[in-house]
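**Q** Have a look at this one.
There are 6 protein chains.
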Amino acid sequence: MNRVDGRKNSDMRSVKITRNINKHAEGSVLIEVGDTKVICTATVEERLPSWRKMEGKGGWLTAEYGMLPRSTGQRMMRDAMRGRQNGRSLEIQRLIGRALRSVTDLQALGDYTVTLDCDVIQADGGTRTASITGAFVALADAMHNLVLKGKLEKMPLRDLVAATSVGRVNGELVLDLCYSEDSTAEVDMNIVMTGSGRFVEIQGTGEEASFSRDETSQLLDLAELGIRQLVEYQKSILGTLTDGIGGPR
Amino acid sequence: MNRVDGRKNSDMRSVKITRNINKHAEGSVLIEVGDTKVICTATVEERLPSWRKMEGKGGWLTAEYGMLPRSTGQRMMRDAMRGRQNGRSLEIQRLIGRALRSVTDLQALGDYTVTLDCDVIQADGGTRTASITGAFVALADAMHNLVLKGKLEKMPLRDLVAATSVGRVNGELVLDLCYSEDSTAEVDMNIVMTGSGRFVEIQGTGEEASFSRDETSQLLDLAELGIRQLVEYQKSILGTLTDGIGGPR
Amino acid sequence: MNRVDGRKNSDMRSVKITRNINKHAEGSVLIEVGDTKVICTATVEERLPSWRKMEGKGGWLTAEYGMLPRSTGQRMMRDAMRGRQNGRSLEIQRLIGRALRSVTDLQALGDYTVTLDCDVIQADGGTRTASITGAFVALADAMHNLVLKGKLEKMPLRDLVAATSVGRVNGELVLDLCYSEDSTAEVDMNIVMTGSGRFVEIQGTGEEASFSRDETSQLLDLAELGIRQLVEYQKSILGTLTDGIGGPR
Amino acid sequence: MNRVDGRKNSDMRSVKITRNINKHAEGSVLIEVGDTKVICTATVEERLPSWRKMEGKGGWLTAEYGMLPRSTGQRMMRDAMRGRQNGRSLEIQRLIGRALRSVTDLQALGDYTVTLDCDVIQADGGTRTASITGAFVALADAMHNLVLKGKLEKMPLRDLVAATSVGRVNGELVLDLCYSEDSTAEVDMNIVMTGSGRFVEIQGTGEEASFSRDETSQLLDLAELGIRQLVEYQKSILGTLTDGIGGPR
Amino acid sequence: MNRVDGRKNSDMRSVKITRNINKHAEGSVLIEVGDTKVICTATVEERLPSWRKMEGKGGWLTAEYGMLPRSTGQRMMRDAMRGRQNGRSLEIQRLIGRALRSVTDLQALGDYTVTLDCDVIQADGGTRTASITGAFVALADAMHNLVLKGKLEKMPLRDLVAATSVGRVNGELVLDLCYSEDSTAEVDMNIVMTGSGRFVEIQGTGEEASFSRDETSQLLDLAELGIRQLVEYQKSILGTLTDGIGGPR
Amino acid sequence: MNRVDGRKNSDMRSVKITRNINKHAEGSVLIEVGDTKVICTATVEERLPSWRKMEGKGGWLTAEYGMLPRSTGQRMMRDAMRGRQNGRSLEIQRLIGRALRSVTDLQALGDYTVTLDCDVIQADGGTRTASITGAFVALADAMHNLVLKGKLEKMPLRDLVAATSVGRVNGELVLDLCYSEDSTAEVDMNIVMTGSGRFVEIQGTGEEASFSRDETSQLLDLAELGIRQLVEYQKSILGTLTDGIGGPR
């Protein structure tokens, strides 16, 4: 069976990350995964939330996620007009934050809070996984910035992290679903992995459907295949900034 | 290593489901999993959300989740005073809804909307998985009610569904985490399975940690062990209401 | 005339208070008045609102009231989804707070804030008066707890307090209205009294009706009759905790 | 004992009602009770809330209450900035609505909704009772307007209604409390009565205090004394508009 | 062509300012411009917003604007019920604040914050310009109050300020538009000027229309004509309070 | 005096408009004015707000404005988290809507609503005027789209529209202020003009300052100079789409 855009089941869409696209932010990228486009900015502030300060476990990292009203086929109501973020946005930004904290040495981050804003400019499926993959690069740039300014001695990163989606569409197991696949998928799984090949997050869902243990195993294989490519791309872009993390380059 | 409450790593806490605890609701249970107590009510209304009516795909099922302010060790601010549900509540109620829709024949549900309210009276870890396990029983009772009144010809259920948590705590893989385990877990995984042993949802998270493919496999084994017990308990309670679904009794 | 549940006009419904139903709260009860069921928890925190600290008049006591969505015959929208508490809830929790402050020695409560959460599990009329009657017991337990831990020298209570409703239904004056009576009452009166038989609150309302001075007098008689029974029951439950308050035992 | 403004315990403050102070509203008054000033407008709209239309019991009457930010000694935050009405405002506007509905023949009001807006321009105690007394006059004018235009055959009023406060201040029972009395009162009671001398609402509260049966009786006497004067004043102002209601003129 | 109320194109409506209409506020006026009536109160508080304190540039002045629900021909929903101020109100109160800050010596205002509340009692066009003209008088009174109490050495005012509207209605350029003119105007311009004849704000808008350079010039002439009269009236009212500012008296 | 970026007082920054940057929207551009970057999308929907439908005056056009959290030097709180749009955003989006409606033939737009979303990706002063200039191009593309599909017979545009800012900075009158100029400007004026050289909007403000009639005249000259260049650029981009409007090409 052919996929809607002619890809093979185990093909990723083309990925492109453009760095330094915002002159104000400490780190910023535009990530494009097929037609999905997300701006990720990393803001570094020398302050901590009071609850974090009391914990005494070092810095903090948090994420926020939003979509421009016309990033989608049908225009959505602006979150600010509805008076709150919707449940989906909250769920996604919690995921992005957890994913990036899993590879960050918060203790070494000291008194800094990093906020990763992931804003979807154009959506075509996989906006949350693209956000994670792009936000990691923005984060690395922001941290490198702190090192260059002498505010941190070394990069407070323990590994790289990237993410993609896999799923069952029309009975076929496929990698990196675009929107038209995602909206008809029987099973949808978002996977976050480190550069060392360990899982950070597995979120598999059967909407009005279920899946077997064997399918789970094959989907995890597909995801690993895709994420290895994403991590290689992140390394090629970041160069020496990833030295010493995420396994041999 | 001994667990905090003396259980073996593969032991569930004791589970008790009390039916018909609310005289108004079409279905209602109190589920107790160790010290976690959740009231689940199923409300049946003969109306559909307008978007669902337009889809023409039958009935609808949705869930809401809340915690009493002092269900937890520290009193929490009442959601209604904060002016909105928090992100965690929204995420959990979306999960409960998806889990129960996965075993419901919405087409057969006709013009009815079922709302499952899961309200935590006392929390000690695993409130979302207890909600799913309990809500299924409330749902079955509510549907049976529709059949008894002649409004539906047969139970619009395709299978049973139950859920539990597994995780890595102090390096050990354990089943059914209580709060003190959950709050120190390196890896936390919530698993939803049908009576037939198929996955509906896998949500595995490493907060500031990661996990291997092999650990994933062992955790899924543990979860399956626990959920089979939960499903057996559901069947024993519901009796003939589960005839023909969820495999041989 | 017979009442809907066969009671005489001056009969209360059966009342049952179960203590210590929540392992986290400093005081907690389930109060059942007929089919009305309310969970009351008392939370003690060693902090004061800033405005209260400035007043320098001792501790503070406040109450919050909520209803589970399906505590009623028709499911209600969850307060948290509407984005605010409704006017009725706010009015009731202000009443509960005033009632309990009237018998509390706030000066003696020192630097503590007590929050009484009254959450209706099942409603059948009289939820606000049941909340007051039950919350007093939870409060006494929480205060006894402070004494046992040596944080307070003696119970900061000056009296007991309980409440019931009276009204005119189909021209008859009746005590302790259930929901079907309440919804058709011409006059509805909620009365809060101390153990010494003094009024704390009289809230009499004629919805699209009015009432005479003579009826007022008879309704206050009925209420006093009922509240005396409630206070006796509170005393029998609390035992020595009520020594020295509320008149001779 | 002398009251702060030299009145005797059974003296009302001077009352003045100015009609037609708003050129847009169907009925409008400025009521001044001592230094308390409230603008009451009655808006008539030919529409019904959908729930009321379904009831099929005639028209509807509702009230809203607000305070200008600097109507009080200390400037208050504007309700609109806080994002909601506070609990006190909601409680008061529910009271005003009930009071006026008690003397209105809603069935005869047909398809009309009347909204009474009571906005406090300057507060010095008793704003809720002044609102009721003034709103009745605005309501009568608005209804007369409907009769004059031929939209209603006769005034849909069954009686007059007015309100005042009584209380115990420094151990003395007094009528019509001003702010400095209200803020130190041991007992505070708001009474709403019809022109025929029947009660519509009794709201007696002991804030950190209690009151006896005998005091209750004396306070009701005082209130009746005051309200009779208010009703006489309303009659003198409204003239023939009150013919046939509220007893002989 | 005749205007709806018989005025010539260059005629203002009659203006009346009544001072000290609120016993609580440090300054207060009722301003009437034709049928437009606005209550302006000035509240002085000895505190600064934290961001202003950090700037170290002296005191602060801010404004808030509201409309009573029935100040308009059709009753409007109360801002507090909608849960927020509408865009128009926010825009207007920002304008009023800027206008009054432009003539205030904030440095000399020291540690005080002045809040100007402009509440529309009855609207007939030009409520924002009437608010500015009236608020200046309330502000001057409040500042004089600070001088009289010895809290400030001299009036922290650099000039007077007043405002009016001009516009093109049915092709004619007119001064001081009433509501029926405003609602059909092709061009609507609000002008704020100081007593010295300098502009503080020019807000000209063509709703579904445009205007030429030449019309702009004529409209500014008309506005200046009107504002000079308003400033003369302010001076005549305030007397010696305006000595030394706004040019010769 | 030299400007911060070396421009002469009457120089604009470089302007670049890139069309069709969003695959979903009916019209979309990225406009860059110096370092200010705004994405403008035009969404066409075949529906009307109910109030507009009742007016029977044809279609409707509205605008919304937002800023990404890190579009500015200091990260701003996300509007959606604050629970509402701030006053500045509301004021700006009302301005954008009015500006574009002034050149649109709403009658000819029939049953369509056009929504212009202007989202600031990077801010460096002049975001509201860049939004207007860019949104016009997105609007023209969206309308051309309706013509190409045969849904409209001809472009419902009467003219072009563009905008820029002028102001007094350090005593000098300058065109097209960047952020560092804007934040220290004594006078700030935003001007919207049509292609025919007529004003649509003049918004001149002296923050803690004022300005003379003569300065007003010179500022309008400067603005006209800049806007003529913007309109020429719009025409060069849109080509035949602007035939017949905005004067000779």
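Protein chains in written order, with the working numbering: chain B, 396 to 644; chain E, 396 to 644; chain V, 396 to 644; chain D, 396 to 644; chain L, 396 to 644; chain C, 396 to 644.
Even glycine gets a Cβ: it sits at the ideal position worked out from N, Cα and C.
Determine the chain L residues that contact VAL532(C) at a beta-carbon separation under 8 Å, and present them in chain order.
**A** Going along chain L, no residue has its Cβ under 8 Å from VAL532(C), so there is no contact; the nearest lies around 19 Å.
**Q** Can you name the start and end residues of the alpha helix (DSSP H) that PHE450(E) belongs to?
**A** Checking the sequence shown, residue 450(E) turns out to be Glu, not Phe. Run containing GLU450(E): 445-450, per the alpha helix (DSSP H) assignment.
**Q** For GLU427(D), which beta-bridge partners are listed by DSSP?
**A** GLU427(D) is bridged to LYS411(D) and LYS432(D).
**Q** Between the beta-carbon of LEU534(D) and the beta-carbon of LEU495(D), is there less than 8 Å?
**A** Yes, they are a contact pair.
**Q** How would you call GLY429(E), buried or exposed, if buried means at least 16 neighbouring beta carbons within 10 angstroms?
**A** Classification of GLY429(E): buried, given that the 10 Å Cβ count is 16 or more.
**Q** Helix, strand or coil, according to DSSP, for TYR628(V) in the structure here?
**A** Note: TYR628(V) maps to helix in three-state DSSP.
**Q** Would LEU615(L) and ARG473(C) be called neighbours here (beta carbons separated by less than 8 Å)?
**A** Their beta carbons are not under 8 Å apart, which means LEU615(L) does not touch ARG473(C) by this criterion.
**Q** With 8 Å as the limit, tell me which residues of the region 419-441 of chain D have their beta carbon closer than that to any beta carbon of chain L; keep them in chain order.
**A** From the region 419-441 of chain D, only HIS419, ALA420, SER423, ASP430, ILE434, THR436, THR438 and GLU440 have a Cβ closer than 8 Å to chain L.
**Q** Of all the beta strand (DSSP E) runs that stay within the bounds of the region 503-548 of chain D, which reach a length of 3 or more residues?
**A** Segments of the beta strand (DSSP E) lying fully in the region 503-548 of chain D: 508-517.
**Q** Which residues in the same chain have their Cβ closer than 7 Å to the Cβ of VAL424(V), if we skip the five residues on either side of it in sequence?
**A** Taken in chain order, the residues that qualify are ILE412, THR413, ARG414, ILE416, CYS435, GLY529, VAL532 and ALA533.
**Q** If we cut at 8 Å on Cβ distances, does THR413(V) have a partner in chain E?
**A** Judged by the 8 Å Cβ criterion, THR413(V) is not in contact with chain E.
**Q** Report the residue ranges of all alpha helix (DSSP H) runs contained in full by the region 553-580 of chain D; include only those spanning at least 4 residues, in chain order.
**A** The region 553-580 of chain D contains these whole alpha helix (DSSP H) runs: 574-577.
**Q** Could you tell me whether any Cβ in chain D is nearer than 8 Å to the Cβ of ARG644(L)?
**A** Here ARG644(L) scores only 45 on pLDDT, less than 50, and its place in the model should not be relied on; the value that follows carries that caveat. By this cut-off, ARG644(L) is not an interface position.
**Q** For ALA604(B), which residues in chain E fall below 7 Å Cβ to Cβ?
**A** Ordered by position in chain E, the residues that pass the 7 Å Cβ test against ALA604(B) are SER497.
**Q** Looking at C-alpha atoms only, which residue of GLY482(D), ILE487(D), LYS432(D) and TYR460(D) is the closest neighbour of ALA645(D)?
**A** One cannot answer for residue 645(D) here, as it falls past the ends of chain D, which runs 396 to 644.
**Q** Tell me whether the region 596-603 of chain L and the region 539-554 of chain L touch, counting them as touching only if at least three CB pairs, one residue from each stretch, are closer than 8 Å.
**A** The region 596-603 of chain L, when compared against the region 539-554 of chain L, does not touch it at the 8 Å Cβ threshold.
**Q** Given this structure, state the Cα-to-Cα distance separating GLU548(C) from LEU552(D), to the nearest angstrom.
**A** Each residue's Cα considered, the two are about 59 Å apart.
**Q** Check each candidate in GLY621(D), TRP455(D), THR499(D) and GLY482(D) and name the one with the smallest Cα separation from THR559(D).
**A** Here the closest residue by C-alpha is GLY621(D).
**Q** In three-state DSSP terms, what is LEU456(B)?
**A** Correct three-state label for LEU456(B): strand.
**Q** Quick one: list the residues of chain E neighbouring PRO464(V), beta-carbon separation under 9 Å, in chain order.
**A** Those within 9 Å of PRO464(V) in chain E are THR436, THR438, GLU459, GLY461, THR510, ASP512 and ASP514.
**Q** Are the Cβ atoms of THR438(C) and ARG563(B) separated by less than 8 Å?
**A** Not in contact: THR438(C) and ARG563(B) (Cβ atoms no closer than 8 Å).
**Q** Verify whether the separation of the beta carbon atoms of ILE426(B) and TYR460(B) is less than 8 Å.
**A** Result no, Cβ atoms of ILE426(B) and TYR460(B) do not sit closer than 8 Å.
**Q** Any beta carbon of chain E sitting closer than 8 Å to that of GLY566(B)?
**A** Not one chain E Cβ lies under 8 Å of GLY566(B).
**Q** Residues of chain L with CB under 9 Å from SER631(C), in chain order?
**A** Chain L residues near SER631(C): none, gap ~23 Å exceeds 9 Å.
**Q** Anything in the region 578-607 of chain C with a Cβ closer than 7 Å to a Cβ of chain L? List those residues in chain order, please.
**A** Listed in sequence order: THR589, ARG593, PHE594, VAL595, GLU596, ILE597, GLN598, GLY599, THR600, GLY601, GLU602, GLU603, ALA604, SER605, PHE606 and SER607.
**Q** Per DSSP, what kind of secondary structure is GLN469(V) in: helix, strand or coil?
**A** Looking at GLN469(V) - three-state DSSP - the assignment turns out to be coil, as it is neither helix nor strand.
**Q** In whole angstroms, what is the alpha-carbon distance linking SER409(V) and GLY590(V)?
**A** Answer to the nearest angstrom: the Cα atoms are 19 Å apart.
**Q** Strictly under 8 Å for the Cβ-Cβ distance: is THR467(B) near chain E by that measure?
**A** So no, THR467(B) is outside the interface.
**Q** Since GLU486(B) is in the alpha helix (DSSP H), which residue starts that stretch and which ends it?
**A** Note, GLU486(B): alpha helix (DSSP H), 482-496.
**Q** By alpha-carbon positions, which one of GLY592(C), LEU570(C) and PHE606(C) ends up nearest to GLY401(C)?
**A** Cα-wise, what sits closest to GLY401(C) is LEU570(C).
**Q** Give me the residue from MET584(L), GLN624(L) and TYR507(L) with the minimum Cα distance to GLY592(L).
**A** Cα-wise, what sits closest to GLY592(L) is GLN624(L).
**Q** Could one say the Cβ of ASN540(E) lies closer than 8 Å to chain V's Cβ atoms, at least one of them?
**A** Closer than 8 Å: no.
**Q** Give the single residue among GLU450(V), ILE516(V), THR467(V) and ARG493(V) whose Cα lies nearest to the Cα of THR457(V).
**A** Measuring from the Cα of THR457(V), the nearest candidate turns out to be ARG493(V).
**Q** In chain E, which residues lie with their C-beta within 8 Å of the C-beta of THR611(B)?
**A** In chain order: PHE594, ILE597 and LEU615.
**Q** In whole angstroms, what separates the C-alpha of TRP455(C) from that of LEU572(L)?
**A** The alpha-carbon atoms of TRP455(C) and LEU572(L) are separated by roughly 26 Å.
**Q** Alpha carbon to alpha carbon, how far is ASP514(V) from SER526(V)?
**A** Each residue's Cα considered, the two are about 8 Å apart.
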